[in-house]
Amino acid sequence: MTESKILLVLDKKDYEDGMPVFERKCVRAIIEKNGKIAVQRGRAGDCKILGGGMDGEEDFETALSREVLEEGGLILCPGSMQLLGEIEEKRRDLFETDKIYHCHTYFFACAVKERTTEPHMTESEKAKGYHLEWMTPEEIVKANEPFSKEPWIYRDTAFIKMLMEGNL
220 MTESKILLVL
230 DKKDYEDGMP
240 VFERKCVRAI
250 IEKNGKIAVQ
260 RGRAGDCKIL
270 GGGMDGEEDF
280 ETALSREVLE
290 EGGLILCPGS
300 MQLLGEIEEK
310 RRDLFETDKI
320 YHCHTYFFAC
330 AVKERTTEPH
340 MTESEKAKGY
350 HLEWMTPEEI
360 VKANEPFSKE
370 PWIYRDTAFI
380 KMLMEGNL
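So the number in my numbering is just where the residue sits in the sequence shown, counting from 1, plus 219.
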């Protein structure tokens, strides 16, 4: 993979120097069809860009293919991924508060096959009523306004705004 362009650094600076670091790599898919983007929409109305954490030694394409299939039931077209950039997050870990959470989220434009399958969501995603929905960038930004305090919603919405403004 070529070096990614860092689009944004979200550093809450709510941690202390010297704390242990939990470092994570994530992938997100920008799948566009007829001016709309595939998102995982929750019962509450929030929208997440399809994607998630990389498992073990997965490469970007393997991780993104798995996440798009699990969350949306969509099948990635091999070789269609184009790296758009990275958003870096650094904050006190929400689950292990004695650690720093340092996440590198890589956003890719990609294509999917017409054929779909059943999503394989986590129990947490099912409980929150997540489902695949196609929305315009403007609809995503508006839908996410009430949820902007959630770090993952803030990150995804910031990316969508950059996409809308042509700042990639």
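All C-beta atoms, glycine included, are put in the ideal place defined by N, C-alpha and C. Here the structure is a predicted model, which is why all the values come from computation and not from measurement.
Assigned secondary structure, LEU283 (DSSP; H/G/I helix, E/B strand, else coil): helix
8 Å Cβ shell around ALA377 - same chain, five flanking residues per side excluded: LEU227, LEU229, ILE306
Reference LEU302, options LEU283, ARG310, THR336, closest by Cα: LEU283
TYR349 beta carbon less than 8 Å from that of ARG285: no
Within 8 Å, strictly: CB atoms of ILE249 and ILE225: no
Rounded distance between the beta-carbons of GLU235 and HIS321, thought under 8 Å: Wrong, their Cβ atoms sit about 14 Å apart, outside the cutoff.
Assumed close pair THR336, ILE372 - CB separation to whole angstroms, cut-off 8 Å: At roughly 27 Å, the Cβ-Cβ gap does not stay under 8 Å, so THR336 and ILE372 are not in contact.
Continuous beta strand (DSSP E) stretch holding GLU307: start and end: 301–311
Beta carbon of LEU351 nearer than 8 Å to that of ALA257: yes
GLU344: first and last residue of the uninterrupted alpha helix (DSSP H) it sits in: 342–346
Inter-residue CB distance, PRO370 and ARG310 (contact presumed, cutoff 8 Å): 7 Å
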